[in-house]
Amino acid sequence: MAFGSRVAGAFKPTTYTIRYPRKLAGNPLLYISSASASLGDALLGYSQGITAAFQVQRSFIHRIVHALQPALLISCLSITAIFAALASAYTSDWLGRRTSIRIGASLYLIASAIQMIAPDLTTFIVGRSIQGLGAGMLSTTVPIYQVEIAPVGARGMLVGIEALCMNVGYAVSAWAGYAFYMDARAEHAWRGPFAVQAAVSLVLVIWTFFLPESPRWLIQNGFMTEGLWTLADLHARGDVTDEGVAHTYHAIVDMLEMEEKGEKGGSGIIGPWSALWRDYPRRTFIGFTSRMFAQLTGINAMLHFLPEHLAQAGFSIPRALFFAGCCSLPYCLGTLPAILFIDRLGRRRFLIVGSIALACCLVLIGCLQLYVDHWPRMLAGLGGARGVFIGMCMYLFFFGATWGPVPCLLSAELYPLRMRARGMSIATASDWFFECVVGITSPPLINVLTGGYYLLLAGGCILSGLVVWSRYVETGGQPLEAIGGMFGDPQPAPGKLEQEDAVMQVRRRRVRGYSIVSMPSSMLVPSIAGTSQTTLRVPSALSSAAGSSPSQDTLFSADADADTLTKQRPSGTSTNMDKYA
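For the sequence shown, the residue numbers in the numbering used here are 2 to 582.
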């Protein structure tokens, strides 16, 4: 741990620069930030659709891979994604959420360029493997970012937006595969979609420089003032002393202070890996199994091989690609119930209903394929391509509404702040591991079991519903800092916001024309109370994370009638002025 702390100190940012326009403060900034980060999930969905489409592209099969080796292209991405998901726990905690997203998007950009120009199988696998690194980092960090910027009653909605972006990414790639197939003998029939992927990756890389950092990460790492202002900009149109902002800020600080004392998981701002199993076993079980069951319901067996399934059911290759694009539309529409109702109805209810609905859809598809030869001709027609198409549409709708967004949401919000990145990385690694297992085993199992394979997946859906019903806890409607109390964690006493409190002393009207100084010792909340100066006690772990000691505390002061907020700092310290516009 000492070595890890030294490494973290070497790479941890010492300043925080705000580049987003403050005129967007409030819901516009919140939704733009959520949608922008969700481009990472759009890349994940897009890559799934590309994988499905190029497996029926004749030019791709001739140039790159034999038709019997599609699982190789899927598994190489999943394997590297496992390691990247685990590594993202470090980048996310040390460098910040938005920097971790930027690294993942940059890896995606490099991988897209390699795959776009790949002359042979070896080069293509190298590109896919690098893409797996980006996928692992994005799939771990983006949900954490979403839940940490969201207000209490909107975490499910923002993660639902993230799932919508992923599904839209899949839909775009499905239709792009169909469009490029119109010239299927040419090389750009499969190279073209990678150019689109590279363009989206570049947009995400650039936009991460303008995203607000997670306010919880800022506070955890000693940027107390910046964390408060970011909370206000995201939740209260820049009003630093909004009651909800003040309550959230104090809840974060109080929880970090209590955790720093070592009541659970040891001391320090980042907990050890062993604490996941020692102190948070039920949460680790929920996070791990939720992502595992999301794969064992068979979603990636469907998505990665959807055009192939439809072609085997009787569609021609062009029509298989066309109807794969049609299947992606209910997949997108399915996220709307999650966006609208998951915060109101709860996570457990969505998962249980989803397990039942998915099992019914899979039984329908499996039975149609198993018994079609024994039924009258009219029903046999239903059991062919049209029946599979209808069943796939229903399956994708219910998955998009339930087991698509909810496991990502659950695994991101279960853990306390100091363990969140590590807990999420374990959950995401399980997701990629079981995606790899499903990707490798699906082709031979489908060949051997035919329709029975779908009945096997239906059994996994039923098992998932039983586990959710018996073991999962409802986390909806709770502040992130209060979820631990549902698992028996000690909770700090509610902070009292006295009139002399530093937060309460800031003007209740929006301050314009002020400057904020970003520096390691920026650990106090501004106070505007005549000429007095008010300090805020900061946990020692946060002080060390910021690279300063309590004796180096920075004091804020402002005249009661002034519109400009200035920082008084000890002599000999350097500053980096970041102007709020």
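Ideal Cβ placement from N, Cα and C applies to all residues, glycine included. None of these values were measured; they are calculated from a predicted model.
Touching or not, the segment 142 to 151 and the segment 271 to 278, by the rule of three or more beta carbon pairs under 8 Å? no
How far does the alpha helix (DSSP H) with Asp243 in it reach, from first residue to last? Here Asp243 belongs to no alpha helix (DSSP H), and DSSP marks it neither H nor E.
Could you compute how far the alpha carbon of Ile353 sits from the alpha carbon of Gly299? 16 Å
Can you list, in chain order, the residues of its chain with a C-beta nearer than 6 Å to that of Gly326? Leave out the 5 residues immediately preceding and following it. Ala175, Trp176, Tyr179
Quick one: what's got a C-beta closer than 7 Å to Ala563's C-beta in the same chain, skipping five residues either side? With a pLDDT of 29 at Ala563, under the threshold of 50, the predicted position of this residue should be treated as unreliable, though the coordinate-derived value follows. Correct list: empty, nothing qualifies.
Kindly indicate which three-state DSSP category Ser317 falls into: helix, strand or coil? coil
Within 8 Å, do at least three Cβ pairs link the segment 345 to 362 to the segment 396 to 403? yes
Where Asp94 falls, given that 16 or more other Cβ within 10 Å makes a residue buried: buried
Once the 5 residues before and after Gly283 are set aside, which same chain residues still bring their CB inside 7 Å of it? Checking the sequence, you will find Arg at residue 283 rather than Gly. Around Arg283: Phe488.
Residue from Glu261, Gly170, Leu235 whose Cα sits closest to the Cα of Lys24: Leu235
With H, G and I counted as helix, E and B as strand and the rest as coil, what does DSSP make of Ile517? Here Ile517 scores only 40 on pLDDT, less than 50, and its place in the model should not be relied on; the value that follows carries that caveat. In the structure shown, Ile517 sits in a strand (DSSP, three-state: E or B).
Can you tell me the Cβ-Cβ gap for Val160 and Tyr47, rounded? I've got them flagged as a contact below 8 Å. With a Cβ gap of about 19 Å, Val160 and Tyr47 do not count as contacting.
Can you give the Cα-Cα distance for Ile19 and Pro213, rounded to whole angstroms? 7 Å
Excluding the five sequence neighbours on either side, which residues of its own chain have a C-beta within less than 6 Å of the C-beta of Cys333, listed in chain order? Asn168, Val169, Ala172
For the alpha helix (DSSP H) that Trp404 lies in, which residues bound it at each end? First-last for Trp404: undefined, no H or E at that position.
Less than 8 Å between the beta carbons of Gly137 and Ala85, yes or no? yes
Alpha-carbon spacing of Leu78 relative to Gly478, whole angstroms: 36 Å
With a threshold of 6 Å on Cβ separation, who are the neighbours of Met1 within its own chain once the five nearest residues in sequence on each side are excluded? Beyond the ends of the chain as shown, which are 2 and 582, falls residue 1; an answer cannot be given.
Taking the alpha helix (DSSP H) that Tyr171 belongs to, which residues open and close that run? 156 to 182
Could you give the residue range of the alpha helix (DSSP H) that holds Leu235? 225 to 236
Report the rounded CA-to-CA distance for Ala360 versus Ala459, giving the unit in angstroms. 4 Å
Can you give the Cα-Cα distance for Leu410 and Arg156, rounded to whole angstroms? 8 Å
Is Asn28 helix, strand or coil by DSSP? helix
Measuring CA to CA, which of Ser76, Phe210, Leu40, Gly424 is closest to Tyr91? Gly424
Proximity below 8 Å, CB of Val364 to CB of Leu456: yes
Backbone CA spacing between Thr15 and Ile343 [nearest angstrom]: 38 Å
At what residues does the alpha helix (DSSP H) containing Leu212 begin and finish? Where Leu212 is concerned, there is no enclosing alpha helix (DSSP H), given that its DSSP letter is neither H nor E.
Excluding five sequence neighbours on each side, which residues of the same chain lie with their C-beta closer than 8 Å to the C-beta of Ile287? Leu411, Ser412, Leu415, Arg472, Tyr473, Val474
Can you tell which of Val204, Val153, Leu73, Ser443 has its C-alpha closest to the C-alpha of Thr123? Leu73
Roughly how many angstroms lie between the CA atoms of Ala295 and Val407, to the nearest whole one? 9 Å
Among the residues of its own chain, which have a CB less than 6 Å from the CB of Leu371, if the five just before and after it don't count? Gly452
Candidates Val246, Val241, Asp243, Arg419: which alpha carbon is nearest Glu261's? Arg419
Cutoff 7 Å; reference Trp433; Cβ partners in own chain excluding five residues on either side: Ser79, Ala82, Ile83, Ala86, Gly137
Using the three-state DSSP reduction, which class does Ala136 fall into: helix, strand or coil? helix
Tell me the rounded alpha-carbon separation between Ala304 and Asp42. Checking the displayed sequence, the identity of residue 304 turns out to be Leu instead of Ala. Going by the C-alpha atoms only, they are around 15 Å apart.
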